[in-house]
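Report on the structure given below.
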Amino acid sequence: MPTIVVEVMPKAELLDPAGKAVAGALSRLGKTEFSAVRIGKRFELTVDGAVTEAVLAEAQRLADDMLSNSVIEDVVRVYVLEGAGSAA
Amino acid sequence: MKIGVVTFPGSLDDRDAQRAVRRAGGEAVALWHGDHDLKGVDAIVLPGGFSYGDYLRCGAIAARSPIMSEVISAANAGMPVLGICNGFQILVEAHLLPGGLIRNDHGDFVCRDQRLRVENASTAWTSGFEVGQEITIPLKNAEGGFIVDAETLKRIEGEGQVAFRYLDVNPNGSLDDIAGLTNAAGNVVGLMPHPEHATEPGFGPDTPDAMRSGTDGLTFFTSVLESALARA
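Quick mapping for you: the protein sequence lines, in order, are chains P and D. Using the numbering used here, the first residue of the first sequence is number 11, and each one after it goes up by one. Using the numbering used here, the first residue of the second sequence is number 423, and each one after it goes up by one.
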């Protein structure tokens, strides 16, 4: 089955406390080469049938309307996962 | 006067909200997230808790549940709707109130008796207060940080849509110490603190008079009953 991936990140200007906590842990582990961590979300939408323009547009609409909240998050990317068709 | 209290999967404070309604003299009606039926109620409370496990975003899935399509229509037609904590998050996700609620800036769950200042006493749920009145009701959340874009913030501040502001401490990093909002019409109110937990002596926040004697939350429910009577 083809899969559409939607990637959502907290807005850059907003504090990401979870990412900050991970960054703190990295620092305590001595991983000083990483100065910051931000945590986002990845959604995998399995499509029943072919990924048409209309299906992709619907995924984009869902990404904007439901999978993300534009007040606090940005949709970074919506794309079709290559090679997923044969794996299923 | 019937006040409906919606139960979502993961609601915690629906029973407390029903009890608060009854203590104020109203009839509490249980509403179910999966129904399209408001059962003839005159006002609606969206209670606190962790609807749908807080999955996706707090309140996001609940905001798209069957009952909410009825709640949104009723709210847009002027029915009083109060969102408490998770209910506030649901109202924001349903676009009945502006902005968003994010993880507390310090990263911790906070539970405290919170002092608030009433900023708008002309809403359906706050008419029993006076502007500037200071009240104390419990606050308990991990994702109560109110944010909104600068332009909208200016508008809601200018148009009196800030209903409550935190006093003493800002417990979660909310912009402008905002604890609660109203819509422009004044029928929809949302706040992070829990008025339903401050409605009965012996079970409320501490006051200078006695331990757990605070009942400031009762005024939310008596206000809506009185405003409904005034309309009738």
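Ideal Cβ positions, reconstructed from N, Cα and C, are used throughout, including at glycine.
#1: Could you round the C-beta distance between D:Asn526 and D:Glu565 to whole angstroms and report it? I think they count as a contact, below 8 angstroms.
#2: Can you give me the Cβ contacts of P:Val88 inside the same chain, cut-off strictly under 8 angstroms, excluding the 5 residues immediately before and after it?
#3: By Cβ distance, which residues of its chain are closer than 6 angstroms to D:Asn594, with the 5 residues on each side in sequence left out?
#4: From what residue to what residue does the alpha helix (DSSP H) around D:Asn526 run?
#5: Near D:Tyr474, what residues of its chain come up, given a Cβ to Cβ distance below 7 angstroms and the 5 sequence neighbours on each side ignored?
#6: So which residues on chain P does D:Arg437 lean against when the C-beta distance must stay under 7 angstroms?
#7: Hey, is D:Gly529's beta-carbon within less than 8 angstroms of any beta-carbon in chain P?
#8: Give the DSSP-derived three-state secondary structure of P:Glu23 in the structure shown.
#9: What in chain P is Cβ-close to D:Arg479, meaning under 9 angstroms?
#10: Which of the residues in the stretch 569-589 of chain D, read from start to end, lie with their CB under 8 angstroms from any CB of chain P?
#11: Decide if D:Met490 is buried, meaning its Cβ has at least 16 other Cβ atoms within 10 Å, or exposed.
#12: Could you have a look at D:Glu622 and say whether DSSP puts it in helix, strand or coil?
#13: Please confirm whether D:Ile506 and D:Asp599 have their CB atoms less than 8 angstroms apart.
#14: If you draw a straight line from the alpha carbon of D:Asn508 to that of D:Asn563, how long is it in whole angstroms?
#15: Considering P:Arg84, what are the terminal residues of the beta strand (DSSP E) in which it resides?
#16: Anything in chain P within Cβ reach of D:Glu515, meaning under 8 angstroms, just list it in chain order.
#17: Along chain P, which residues have their Cβ under 7 angstroms away from the Cβ of D:Gly521?
#18: If you count every other CB in all the chains shown that lies within 10 Å of the CB of P:Thr62, and 16 or more means buried, which is it?
#19: Can you list, in chain order, the residues of its chain with a C-beta nearer than 6 angstroms to that of D:Phe642? Leave out the 5 residues immediately preceding and following it.
#20: I need the DSSP call for D:Ser433, collapsed to helix, strand or coil.
#21: Can you pull the chain D residues whose beta carbon is under 7 angstroms from the beta carbon of P:Leu25, in chain order?
#22: Should P:Ala33 be flagged as near chain D, meaning a C-beta pair shorter than 8 angstroms?
#23: Excluding the 5 residues flanking D:Leu597 on each side, which residues of the same chain have their C-beta closer than 7 angstroms to its C-beta?
#24: Just to check my reading of the structure: D:Glu556 and D:Arg539 have Cβ atoms closer than 8 angstroms, yes? What is that Cβ distance to the nearest angstrom?
#25: On the three-state DSSP scale, how would you describe D:Leu597?
#26: Is the Cβ of D:Ile524 closer than 8 angstroms to any Cβ of chain P?
#27: If you check the beta carbons only, do D:Thr637 and D:Pro615 fall under 8 angstroms apart?
#28: How is the beta strand (DSSP E) around D:Ala450 delimited, first residue to last?
#29: Would the stretch 626-640 of chain D count as touching the stretch 601-610 of chain D if we require 3 or more Cβ pairs under 8 angstroms?
#30: Ignore the nearest five residues each way along the sequence and tell me which others in D:Cys533's own chain have a CB closer than 8 angstroms to its CB.
#31: For chain P, check one thing: does any of its Cβ atoms lie closer than 8 angstroms to the Cβ of D:Ala484?
#32: Just curious, the alpha helix (DSSP H) that P:Ile49 is in, first and last residue?
A quick look at the data gives this:
#1: Indeed they touch by this definition, with Cβ atoms about 7 angstroms apart.
#2: Cβ-Cβ distances below 8 angstroms link P:Val88 to Ile14, Val15, Val16, Glu17, Leu66, Ala69, Gln70, Ala73 in the same chain, with the five nearest sequence neighbours on each side left out; the list follows chain order.
#3: Within the same chain, D:Asn594 has close Cβ partners Asn526, Gly566, Gly567.
#4: Run containing D:Asn526: none; DSSP gives neither H nor E here.
#5: Correct list, in chain order: Phe430, Pro431, Gly432, Ile483, Ala484.
#6: Those do not exist, as D:Arg437 stays about 29 angstroms from chain P at its closest Cβ, beyond 7 angstroms.
#7: Yes, D:Gly529 counts as interfacial toward chain P.
#8: Residue state for P:Glu23 is assigned as coil, using DSSP reduced to three classes.
#9: Per Cβ cutoff of 9 angstroms: Ser78, Asn79, Ile82, Glu83.
#10: Interface annotation for the stretch 569-589 of chain D against chain P: Ile569, Val570, Asp571, criterion Cβ-Cβ distance under 8 angstroms.
#11: Classification of D:Met490: buried, given that the 10 Å Cβ count is 16 or more.
#12: In the structure shown, D:Glu622 adopts coil according to DSSP, grouped into three states.
#13: No. Outside cutoff.
#14: So the alpha carbons of these two residues sit roughly 9 angstroms apart.
#15: The sequence shown places Asp at residue 84 of chain P, rather than the Arg named in the question. In the DSSP assignment, P:Asp84 falls within the beta strand (DSSP E) that extends over 83-90.
#16: The contacting residues are Asn79.
#17: Here the neighbours are Val81.
#18: Exposed is the call here.
#19: Trp547, Pro617.
#20: D:Ser433 carries a strand assignment under DSSP once its states are collapsed to helix, strand and coil.
#21: Close partners of P:Leu25 in chain D (Cβ separation under 7 angstroms): Asp527.
#22: Chain D contact via Cβ: absent.
#23: Cβ neighbours of D:Leu597 beyond the five flanking positions: Phe568, Ile569, Val570, Leu575.
#24: Taking a contact as a CB-CB distance under 8 angstroms, the pair D:Glu556 and D:Arg539 counts as one, their CB atoms being some 6 angstroms apart.
#25: D:Leu597: helix per DSSP, three-state reduction.
#26: At a cut-off of 8 angstroms, the C-beta of D:Ile524 has a neighbouring C-beta in chain P.
#27: Cβ atoms of D:Thr637 and D:Pro615: not closer than 8 angstroms.
#28: Under the DSSP assignment, D:Ala450 falls in the beta strand (DSSP E) whose first and last residues are 449-454.
#29: Contact between the stretch 626-640 of chain D and the stretch 601-610 of chain D is absent: fewer than 3 CB-CB pairs across the two stretches fall below 8 angstroms.
#30: Cβ within range, chain order: Pro560, Leu561, Lys562.
#31: Using a Cβ-Cβ cut-off of 8 angstroms, D:Ala484 does not count as an interface residue toward chain P, since no Cβ of chain P sits closer than that to its own.
#32: DSSP places P:Ile49 outside any alpha helix (DSSP H), giving it a letter other than H or E.
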